[in-house]
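Undergrad: One structure, as C-alpha cells, below. Some questions next.
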Amino acid sequence: MPKYIFVTGGVVSSLGKGVACASIGKLLEARGLKVAIVKCDPYINVDPGTMNPYQHGEVYVTDDGAETDLDLGHYERFTSMRASRLNNITTGKIYYSIITKERKGEYLGATVQVIPHVTDEIKQNIKQVSKGRHLDIVIVEIGGTVGDIESLPFLEAIRQLRLEVGAHNAINVHLTLVPYIKAAGELKTKPTQHSVGKLREIGIQPDILLCRTERRFSQAIIRKIALFCNVEENAVIQAIDVDDIYEIPLVFKQQALDEIILHKLRIPAPSADLSDWEEKVVNKWKRAKRSVRIAVVGKYIELQDAYKSIYEALRHGAIANDSRVEIIKVDSEKLLEDTSILDSADGILVPGGFGQRGFEGKVVAIRYARERKVPFLGICLGMQAAVVEFARNVCGLTSANSTEFDPETEYPVISLLEEQKAIQQLGGTMRLGAYPCRIARGTLAYRLYGREEVSERHRHRYEFNNDYRNLLTSRGLVVSGVYPLKDLVEIVELEDHPYFIAVQFHPEFKSKPDKAHPLFKGLIRQALKASKR
Ligand code: GLN
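Quick note: to get this note's numbering, add 617 to the position in the sequence shown (first position is 1).
Here it is as C-alpha cells:
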C-alpha cells in the first residue's frame, strides 16, 4: 500500500500547487522512491476537453488519450511518472460513475448521498492509481481553494482516507500565501491562519505549510505561523518566488522538505541527489549567454496558460542549446493587417487550435516563414494551416481550406475521416492519445528524431486529405511521417527551406527540461543560426 501526501491550497488560487506537487514528486524520486501524482478537479465537467481555454487554459493529453488538467504536464515534466486517465479525477467523472451505477440499480435501493457514496467513489478513484503497481507514495493535489463549496467532498474524502490508512501513512500539506503589505511594510500571516482555520473546521490539520512569499521571512514569523496554525516550526516552509520553476525542488530541498515528509511518513530512504537536475536544467538556463526570439502565433496569446506546454518545450529546446528563449506572443488576427512584428523573430511557431477565428492570420505567418526561410514549427492546427497555405500559394488552389472552416470548400485539403463524420458527441471523441508515426529516412524529421518510428500524442478531428497528397508532394511538400495503419499524414516539411516542419500531433507534451523534444531542440538550434542579433 502506498503512503499519501494530500496537498490543498488556501487564500487565493494560482499559487502554483501543481508545480509544488511536481517538485515534491521530483524530490522524493531523487530519494529513490516510486511516486505518482493525482489531480482532483472539483468542477462538474467530466474532463476539460470541452472547456474553453479562457476558462481552463491548456488541455493536456496523456498517452492513453485522456484530456486532462495542465498540472499533469508539470507532473510529467518534473518526474518520471507517465500520466494516464487515472491521474485526473473530476467531480464530473465521479458523478457520472455514480449516476451510471444508480441507474443500473447497483446501490440496491439505498439513498445515494455525498457521504458515503460520493466520498467512497473519490477514495476508490484515488486508490485506483496504485492498483497493481508498486508505488511508495501517491501525491494527491486537490484543485481549487479551501472554502470553495465544490471541493468539500474531495476534502472530506482525504480526511476519511487518512483515518483509514493511519496517521503515519498520510500527511496533509497546505499551500498558502503570506502577502507583503507595502503600506505596512510587513508580511502578513492572517490569511494563512484563516485558511488553516477553515481546514481544521472540516477536520483536516495540516502537517506541513508551504508558504508562498515574495520575500524571505524571519524566524519570528515562522514561530507565529507555527503557533497559530498548530504546525511544527520546521514544517513551515518558505516557498519564496523564483524566476525559474525548475528551481523549486532545490528550494524545497534546502529547507529539508523531503526529510520532514519522510520523517512524518516513517519512510527510510537515502538522501536526495539533485545535482544532475541542478546542473543540466537550472544552471544551464542561468548561465546561457545567447538568446533567440521565437514568435508564437495564436489566438489565446494574452492567456498565460493556454500554451503552457509549448512555452515550456521551447524553454527545454533552448536549455538543450545552451541558450535562452524569448517568446514573442503574436495575436494571429493582427497579422492580417501587419506582419512587421514577425521581422524580429528568429523562428516562428504556430500551435494547435480550434475554430475559424485567427486561422487566416496563422496562414499569413506560415507564408512569411516559408517565403523568407524563417525556421518554422507547426503543431496540429499549425500543420493543417501549413498544408492550406501550401495548397493555396504554391499549388494555386486559391480557395483551399480545411472543412472545419469552410465545409463547402472546392479544395478540402484538410477534412474529416469518415469515422469522424458520424460522431455527434463532442466530449472525448477526437483522435486522442499516442499513435505510432513512421518516419521516412533522408528527411529533416529523420535527422531530428534519429529513428524510423516514434510515438506522439494527438488531439484533433481533422486530417490531411490524401486525395491531395500527390498534387502537393509533386510541388515540393514532403510527407516525412505517416501513421502506418491508416496511412494518415503526420509530418510535412519543405525541401528547399532550412527548417520548415509541421506535425499533426503535439510534441510539446513529451518534452522535458532535461530531455528537450527533438523538434523543439531543432527549432531553437536553427533559430540560433538564423539569429539576427
Ligand atoms: N481544429 C483542428 C482539428 O480538430 C486542430 C486541433 C488542434 O490543433 N489540436 O483537427
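Heads up, the beta-carbon is just placed ideally off N, CA and C, and yes, glycines get one too.
1) Would you kindly work out how many angstroms separate the C-alpha atoms of residue 1118 and residue 914, rounded to a whole number?
2) When you compare only the Cα positions, how much space is there between residue 665 and residue 837?
3) Flag this pair as yes or no: are the beta carbons of residue 1049 and residue 682 separated by less than 9 angstroms?
4) I need the straight-line Cα distance from residue 1120 to residue 740, nearest angstrom please.
5) In angstroms, rounded to a whole number, what distance separates the CA positions of residue 1013 and residue 1085?
6) Assign residue 1109 to one of three DSSP states: helix, strand, or coil.
7) From 986, 1114, 829, 1006, pick the residue whose C-alpha is nearest to that of residue 855; which is it?
8) Could I get the ranges of all uninterrupted alpha helix (DSSP H) runs contained in the stretch 646 to 728, with 4 residues as the minimum, in chain order?
9) Going straight from the alpha carbon of residue 1071 to that of residue 1054, what length do you get?
10) Are the CB atoms of residue 676 and residue 713 within a distance shorter than 9 angstroms?
11) Within the stretch 944 to 1015, note down every full alpha helix (DSSP H) run reaching 4 residues or more, in order along the chain.
12) Less than 7 angstroms between C-beta atoms, sequence neighbours within five positions excluded: which residues of the same chain meet that for residue 944?
13) Would you check if the stretch 902 to 909 and the stretch 935 to 944 touch, i.e. whether three or more CB-CB distances between them fall below 8 angstroms?
14) Check this for me: beta carbons of residue 994 and residue 1145, under 9 angstroms apart or not?
15) Answer with buried or exposed for residue 650, where buried requires no fewer than 16 other C-beta atoms within 10 angstroms of its C-beta.
16) On the three-state DSSP scale, how would you describe residue 891?
17) Beta-carbon within less than 7 angstroms of residue 747's beta-carbon, same chain only, minus the 5 sequence neighbours each way: which residues are those?
18) If we count the other Cβ atoms within 10 Å of its Cβ and call it buried at 16 or more, is residue 640 buried or exposed?
19) Taking only three categories from DSSP, how would you classify residue 1117?
20) Since residue 836 is in the alpha helix (DSSP H), which residue starts that stretch and which ends it?
21) Return yes when at least one heavy atom of the ligand GLN lies under 8 angstroms from the C-beta of residue 1012, else no.
22) Return the CA-CA distance between residue 1142 and residue 1116, expressed in angstroms with no decimal places.
23) Using 9 angstroms as the limit for Cβ to Cβ distance, is residue 737 near chain D?
24) At 4 residues or longer, and completely inside the stretch 1016 to 1077: list those alpha helix (DSSP H) runs for me, N to C.
25) How many Å lie between residue 702 and residue 684 at the Cα?
26) For residue 1065, tell me which candidate among 1110, 1105, 1078 has the shortest Cα-Cα distance.
27) Given that a residue counts as buried once 16 or more other Cβ atoms are within 10 Å of its Cβ, and exposed if not, what is residue 776?
28) Residue 774 to residue 743, Cα distance in whole Å?
TA: Answer, in terms of the structure:
1) The sequence position of residue 1118 within the sequence shown is 501, counting from 1. The sequence position of residue 914 within the sequence shown is 297, counting from 1. If I take the Cα positions, the gap works out to 15 angstroms.
2) Within the sequence shown, the letter at position 48 stands for residue 665. Within the sequence shown, the letter at position 220 stands for residue 837. Cα to Cα, residue 665 sits roughly 43 angstroms from residue 837.
3) By one-based count along the sequence shown, residue 1049 stands at place 432. By one-based count along the sequence shown, residue 682 stands at place 65. Contact: yes.
4) Counting from 1 along the sequence shown, the entry for residue 1120 is found at position 503. Counting from 1 along the sequence shown, the entry for residue 740 is found at position 123. Their Cα atoms are separated by approximately 39 angstroms.
5) Within the sequence shown, numbered from 1, the residue matching residue 1013 stands at position 396. Within the sequence shown, numbered from 1, the residue matching residue 1085 stands at position 468. Looking at the two C-alpha atoms, the distance is approximately 13 angstroms.
6) Reading the sequence shown from its first residue, position 492 is the one you call residue 1109. If DSSP states are grouped into helix, strand and coil, residue 1109 belongs with the strands.
7) For the purposes of this step, residue 855 is identified with residue 238 of the sequence shown, where counting begins at 1. Selected option, being the one with the closest Cα: 829.
8) 670 to 673, 688 to 695, 708 to 721
9) In the sequence shown, counting from the first residue as 1, residue 1071 sits at position 454. In the sequence shown, counting from the first residue as 1, residue 1054 sits at position 437. Their backbone Cα atoms lie some 5 angstroms apart in a straight line.
10) Indexing the sequence shown from 1 puts residue 713 at position 96. Indexing the sequence shown from 1 puts residue 676 at position 59. Contact annotation: residue 713 and residue 676 have beta-carbon atoms that are not nearer than 9 angstroms.
11) 976 to 988, 998 to 1010
12) The residue you call residue 944 lines up with position 327 of the sequence shown. Closer than 7 angstroms at Cβ, skipping near neighbours: 911, 913, 928, 931.
13) yes
14) The residue labelled residue 994 in the question sits at position 377 within the sequence shown. The residue labelled residue 1145 in the question sits at position 528 within the sequence shown. Taking C-beta atoms as the reference points, residue 994 and residue 1145 fail to come closer than 9 angstroms.
15) Here residue 650 corresponds to residue number 33 of the sequence shown, with the count starting at 1. Per the 10 Å Cβ criterion, buried.
16) Here residue 891 refers to the residue found at position 274 of the sequence shown. Note: residue 891 maps to coil in three-state DSSP.
17) By one-based count along the sequence shown, residue 747 stands at place 130. So the qualifying residues of the chain are 619, 653, 755.
18) Your numbering for residue 640 matches position 23 in the sequence shown. The residue in question, residue 640, is buried, as its Cβ has 16 or more Cβ neighbours within 10 Å.
19) For the purposes of this step, residue 1117 is taken as residue 500 along the sequence shown, with counting starting at 1. In this structure, residue 1117 counts as strand in the three-state DSSP scheme.
20) As a first step, residue 836 must be located in the sequence shown, where it is residue number 219. Taken as a continuous stretch (DSSP letters only), the alpha helix (DSSP H) holding residue 836 covers 836 to 846.
21) Stepping through the sequence shown from its first residue, residue 1012 is reached at position 395. No, the Cβ of residue 1012 stays beyond 8 angstroms of every heavy atom of the ligand GLN.
22) Counting from 1 along the sequence shown, the entry for residue 1142 is found at position 525. Counting from 1 along the sequence shown, the entry for residue 1116 is found at position 499. Each residue's alpha carbon lies about 10 angstroms from the other.
23) In the structure shown, chain D does not exist; there is a single protein chain.
24) Whole alpha helix (DSSP H) segments, 4+ residues: 1035 to 1038, 1061 to 1066.
25) Position 85 of the sequence shown holds residue 702. Position 67 of the sequence shown holds residue 684. Each residue's Cα considered, the two are about 8 angstroms apart.
26) As a first step, residue 1065 is located in the sequence shown; it is residue number 448 there, counting from the start. Ranking 1110, 1105, 1078 by Cα distance to residue 1065 puts 1110 first.
27) The residue labelled residue 776 in the question sits at position 159 within the sequence shown. Buried, by the Cβ-count rule.
28) Reading the sequence shown from its first residue, position 157 is the one you call residue 774. Reading the sequence shown from its first residue, position 126 is the one you call residue 743. Their backbone Cα atoms lie some 10 angstroms apart in a straight line.
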